[in-house]
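Undergrad:
Residue numbers (UniProt numbering): 1 to 131.
Encoded structure:
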């Protein structure tokens, strides 16, 4: 599950800590769905665990499969309030708000995230960038 959070034409991106898989890579926040959990519940839980924020899943915008065979559901989500983002250092080394061109310019971007953004730019995926 992947959470795509937009604010003023920028997207929330994390840099993965050295303690998790794909260390140092940039990506959208997200993670695995736990047993008995819906995708929406996973979005809420993962962002609370990784970033200490409450989010509202809005809609699934895409589904994909990584080159490793991992199924991903991409959810446009909104921050539930203006509370500060507090990254969990065990999982996240950095957070930032980036434009799509800035994200695509990152050499350490996970390939699935690059594919997603290319589809957004091509008009294949519709995102609300001004929530």
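Heads up, the beta-carbon is just placed ideally off N, CA and C, and yes, glycines get one too.
#1: Looking at residue 36: is its Cβ nearer than 7 Å to the Cβ of residue 1?
#2: Could you round the C-beta distance between residue 112 and residue 64 to whole angstroms and report it? I think they count as a contact, below 8 Å.
#3: Report back the beta-carbon spacing between residue 40 and residue 57 to the nearest angstrom; my notes put them in contact at under 8 Å.
#4: Would you call the CB atoms of residue 17 and residue 91 closer than 7 Å?
#5: If I measure Cβ to Cβ from residue 87 and keep anything under 8 Å in the same chain, skipping five residues before and after, which residues do I get?
#6: Residue 97 and residue 4 - do their beta-carbons sit closer together than 7 Å?
TA: Based on what the coordinates show:
#1: Translated into positions along the chain shown, residue 36 becomes position 36. Translated into positions along the chain shown, residue 1 becomes position 1. No; because the gap between Cβ atoms is not below 7 Å, this pair is not in contact.
#2: Locating residue 112 in the chain shown gives position 112, where the first residue counts as 1. Locating residue 64 in the chain shown gives position 64, where the first residue counts as 1. Yes, residue 112 and residue 64 are in contact; Cβ-Cβ is about 6 Å, under 8 Å.
#3: For the purposes of this step, residue 40 is identified with residue 40 of the chain shown, where counting begins at 1. For the purposes of this step, residue 57 is identified with residue 57 of the chain shown, where counting begins at 1. Contact flag correct, Cβ pair sits at about 4 Å.
#4: Locating residue 17 in the chain shown gives position 17, counting from the first residue. Locating residue 91 in the chain shown gives position 91, counting from the first residue. The answer is yes: Cβ separation under 7 Å.
#5: The count along the chain shown starts at 1 and reaches residue 87 at position 87. Excluding residues up to 5 positions away in sequence, 14, 50, 51, 52, 93, 94, 95 lie with their Cβ nearer than 8 Å to the Cβ of residue 87 in the same chain.
#6: Counted from its first residue, the chain shown places residue 4 at position 4. Counted from its first residue, the chain shown places residue 97 at position 97. The answer is no: Cβ separation not under 7 Å.
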